[in-house]
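Notes for the one structure printed next.
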Amino acid sequence: DVKVTQSSRYLVKRTGEKVFLECVQDMDHENMFWYRQDPGLGLRLIYFSYDVKMKEKGDIPEGYSVSREKKERFSLILESASTNQTSMYLCASSQAGENYGYTFGSGTRLTVV
Amino acid sequence: RKEVEQDPGPFNVPEGATVAFNCTYSNSASQSFFWYRQDCRKEPKLLMSVYSSGNEDGRFTAQLNRASQYISLLIRDSKLSDSATYLCVVGYSSASKIIFGSGTRLSIRP
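Protein chains in written order, with the numbering used here: chain A, 1 to 113; chain B, 1 to 110.
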């Protein structure tokens with residue numbers, strides 16, 4: 001089974017802090033994604049990557065950046081955390097090509113105070 | 001209009017009942033279709049892909065109607081453990097264009 005591991009399950013950070021969320025997958029998947037999930041808004045795509053060093057903006061990239069230095073690792077960075085970034089963050093990976101579903105990590109619940 | 005729309009529910013049905021959800025999508029270029037299940041405070045997990053000819057996995061049946069642009073999920077003989085949120089997912093040729101519906105909440109009562 002594909003395993004997608006997110007480094008933290010719960011995180012509490014202060015406003016203005018720089019926050020790093022790490023995601024690692026162990027099945028050599030080309031595609032990796034970061035979503036946030038909020039009640040009533042569903043899953044929203046922040047950034048994604050098709051390959052090492054490659055990144056593309058999703059629907060809500062403002063206030064975020066990403067890094068993919070190695071194929072298995074995709075990091076989400078909150079440059080200066082704000083309270084409206086309090087959310088559940090989900091990382092996912094998939095094989096290249098269509099018709100492949102995503103495998104999600106267990107999520108990081110981030111609270112910015 | 002949302003690209004993928006689902007009735008949010010909640011659907012509250014007795015154990016053993018048959019329940020069906022529909023999901024409509026707006027882009028006729030959609031090429032891949034999935035149902036995901038998400039338990040409370042957990043990550044979404046792939047339940048099943050949806051193929052043009054329809055497909056079945058145990059008590060679960062998925063159907064695709066390209067002409068009317070909807071997919072459906074039928075759960076027969078529902079169990080208490082089926083209580084969850086079911087997410088409809090529609091994909092395009094590019095992996096980036098995978099769109100999640102907001103989910104339908106299902107609650108099975110004893």
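Beta carbons: idealized from backbone N, C-alpha and C, even for Gly.
Keep in mind it's a predicted model, so treat the numbers as computed, not measured.
Pick out whichever of the options has its Cα sitting closest to the Cα of residue i.
i: S81/B; options: D7/B, Q38/B, K2/B, R1/B; result: Q38/B
i: L74/B; options: Q63/B, L87/B, P14/B; result: Q63/B
i: V4/A; options: E72/A, Y10/A, R44/A; result: E72/A
i: R1/B; options: S78/B, G101/B, S52/B, R76/B; result: G101/B
i: G58/B; options: L87/B, K42/B, K79/B; result: K79/B
Could you check the C-alpha separation between residue i and residue j for me, to the nearest Å?
i: P154/A; j: T85/B; result: Because chain A here runs from 1 to 113, residue 154/A falls outside it and cannot be looked at.
i: E22/A; j: V113/A; result: 20 Å
i: F48/A; j: S67/A; result: 10 Å
i: S65/A; j: F21/B; result: 36 Å
i: S106/A; j: E17/A; result: 23 Å
i: K57/A; j: T18/B; result: 41 Å
i: Q69/B; j: D26/A; result: 35 Å
i: G63/A; j: L45/A; result: 13 Å
Could you check whether the Cβ of residue i sits closer than 8 Å to any Cβ belonging to chain B?
i: G101/A; result: yes
i: S87/A; result: no
i: G42/A; result: yes
What first and last residue would you give for the beta strand (DSSP E) that runs through residue i?
i: Y12/B; result: Looking at the sequence shown, residue 12/B is not Tyr but Asn. Element bounds for N12/B: 11-14.
i: M27/A; result: Careful: M27/A lies outside any beta strand (DSSP E) and carries neither H nor E.
i: L110/A; result: 108-112
i: K45/B; result: 45-49
Quick one: is residue i near chain A, going by C-beta distance under 8 Å?
i: P10/B; result: no
i: A14/B; result: According to the sequence as given, residue 14/B is Pro; it is not Ala. No, P14/B lies away from the interface with chain A (no Cβ there is under 8 Å from its Cβ).
i: L46/B; result: yes
For this session: State whether the region 38-53 of chain B contacts the region 5-20 of chain B, with contact taken as three or more CB pairs (one from each stretch) at a distance under 8 Å.
Result: The answer is no - the region 5-20 of chain B does not touch the region 38-53 of chain B, with fewer than three Cβ pairs under 8 Å.
For this session: Pair every Cβ in the region 75-92 of chain A with every Cβ in the region 16-25 of chain B, then say whether three or more of these pairs are closer than 8 Å.
Result: no
Exercise. Is the region 26-39 of chain A touching the region 82-90 of chain A in the sense that three or more CB pairs, one from each, lie closer than 8 Å?
Worked result: yes
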